[in-house]
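Chains as they are written, first to last, in the numbering used here: chain A, 1 to 258; chain B, 1 to 259.
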């Protein structure tokens, strides 16, 4: 791939069968979504609307029941190995390996793609420095604060300079000041890297600040609204927030969203 | 997975000799010595409770070759048990079908008494070394297997999905995530198995072996020499502590991230 390719989601459906009752649960029901290269898209929705399932399908950890996800002409599930080093993730919890230092955690994806040791180290250090962790490279996760650990997780994701970056509630568990700071850094680095970024969040403020676009998911990942944030001047952000809120409550696109 | 420094310090056997340990050992030695002198007046045969001096004399007659032989048997069998246990655990983790077939068998193996294994070994195999090795592996192997498999299943789902999201090969997944994650359990398993192996090897050597501590204990029993039994028992306990301390040293080094 030369730079990020468009992401095409067509008729995506994911059905889970409950282990105890055997009952079918439709997590995603025929979702269509196109994400342009280098776009930063925020996906918002209430708990249980299928955001996290969509995240797992995007990463390729789950197979769609029906429909498809294509990045260029490849599927993240069927062509799983093809996306090694091209796709990276940041989760709600940092998910750092406790036996590895900050530097070794940041190096992990680079080890998996088999870069030479010196290059792994250099690239991991560069990203840790960019995230303000230059003085903590040898610290183990338990020696770092929650915000610092999440920075390491972000450095780990960026270290491969991914074409597609996925973040699942990545700032949701941090205090507002730290979260705002990290959001800003994350966005700047995503732009610098030229990655397509998909952010799953339940925080409307975060979606508005970070996203070029906001996809509002209803139950079973029904696309209730597809908002291009640039079309909304900053002084109308509070109106936008209210409109998204109303959409989520009524499960119908609010008239203000067009 | 996390463990506090205090807990970790407690889990590492110390090579230092706390005052309380010294006092309790001293009290035991005094009581033993007094009993050894009072034995004839209490109607106990004098050989049953030998004096400390006599035990010390027995210690000086200990043959190092028997210690080396027993140690070699224990270490070789533990390494073989660990390799087999780990390999089977990895295979069972990867294949649910294999796990379903093997798990009941392993539970049955673990329920068989050591004495039965020794009798089976005597009846099945002519070679003494093979008999001892077989008994040790069949007793210690399943412990390594079950502990390792449990540890693999207990690796947090979050870490597994994080790792998979970066698309490792199957080998990378094991080397970068599973193995480091189960190292603490592996060490615990080693400590349990060292103690088990020391006890089992002694019983296995009692039957048919012409070398080793178990054999020497058998000879001491035939000679009614309690002092020799005592001396060899002290050697066994010391050997156990030494091996445990060695494992604890390696553990402290490899798991220094926990402190």
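Note that beta-carbon positions come from the ideal geometry of N, C-alpha and C, so glycine has one too.
- As computed with DSSP, residue 14(A) is found in a beta bridge with 28(A).
- The beta carbon of residue 59(A) is closer than 8 angstroms to those of 76, 87, 89 and 166 in its chain, skipping five residues each way along the sequence.
- Note that the C-beta distance between residue 58(B) and residue 231(B) is below 8 angstroms.
- Look at the region 135–168 of chain B: the residues with a C-beta under 9 angstroms from a C-beta of chain A are 156, 158, 159, 161, 162, 163, 164, 165, 166, 167 and 168.
- When CB distances to chain A are screened at a threshold of 9 angstroms, the residues of the region 172–183 of chain B falling below it are 172, 176, 177, 180, 181 and 183, in chain order.
- With fewer than three CB-CB distances shorter than 8 angstroms, the region 100–119 of chain B does not count as touching the region 181–191 of chain B.
- Taking residue 92(B) as the centre and dropping the five residues before and after it, the same chain places the C-beta of 98, 99, 102 and 149 closer than 7 angstroms to its C-beta, in chain order.
- Annotation for residue 109(B): 142 place their beta carbon closer than 6 angstroms to its own, counting only its chain and skipping 5 residues before and after.
- Residue 43(B) has no beta-bridge partner at all, per DSSP.
- With a cut-off of 8 angstroms on Cβ pairs, the region 203–216 of chain A is not in contact with the region 4–13 of chain A, counting fewer than three such pairs.
- In summary, residue 78(B) is buried, with 16 or more beta-carbon neighbours lying within 10 Å of its beta-carbon over all protein chains present.
- Following the DSSP letters along the chain, one finds residue 45(A) inside the beta strand (DSSP E) bounded by residues 40–45.
- By the rule that beta-carbons nearer than 8 angstroms mark a contact, residue 77(A) does not touch chain B.
- Counting only the Cα atoms, residue 129(B) lies some 22 angstroms from residue 62(B).
- Looking at 136(B), 164(B), 137(B) and 227(B), the one whose alpha-carbon comes closest to that of residue 53(B) is 227(B).
- For residue 190(B), no Cβ of chain A is located within less than 8 angstroms of the residue's own Cβ.
- Inter-residue distance for residue 22(A) and residue 218(A) is about 24 angstroms (C-alpha atoms, whole angstroms).
- Taking a 10 Å sphere around the C-beta of residue 32(A), we find fewer than 16 other C-beta atoms and assign the residue as exposed.
- Going by beta carbons, residue 203(B) and residue 240(B) fall outside the 8 angstroms limit.
- Taking a C-beta cut-off of 7 angstroms against chain B, none of the residues of the region 123–137 of chain A qualify.
- Secondary structure note for residue 158(B): it is in no beta strand (DSSP E), and the uninterrupted alpha helix (DSSP H) holding it is 157–165.
- Using a Cβ-Cβ distance cut-off of 8 angstroms, the region 186–206 of chain A and the region 158–174 of chain A are in contact, since at least three pairs of beta carbons, one from each stretch, lie closer than that value.
- Under the Cβ criterion (8 angstroms, minimum of three pairs), the region 51–65 of chain A does not count as touching the region 229–242 of chain A.
- With 16 or more neighbouring CB atoms inside 10 Å of its own CB, residue 35(A) falls in the buried class.
- Per DSSP, reduced to three states, the secondary structure at residue 143(A) is helical.
- At least one C-beta of chain A is nearer than 8 angstroms to the C-beta of residue 257(B).
- Residue pairing of residue 66(A) in beta bridges, as defined by DSSP: 13(A).
- Boundaries for residue 178(B): no beta strand (DSSP E) harbours it, and the DSSP string shows neither H nor E there.
- With a cutoff of 8 angstroms on beta-carbon distance, residue 208(B) and residue 122(B) are scored as near each other.
- Within chain B, 257 have C-beta atoms less than 7 angstroms from the C-beta of residue 140(A), given in sequence order.
- For residue 130(B), the enclosing alpha helix (DSSP H) begins and ends at 128–153.
- In the three-state reduction of the DSSP assignment, residue 115(A) falls in the coil class, being assigned neither a helical nor a strand state.
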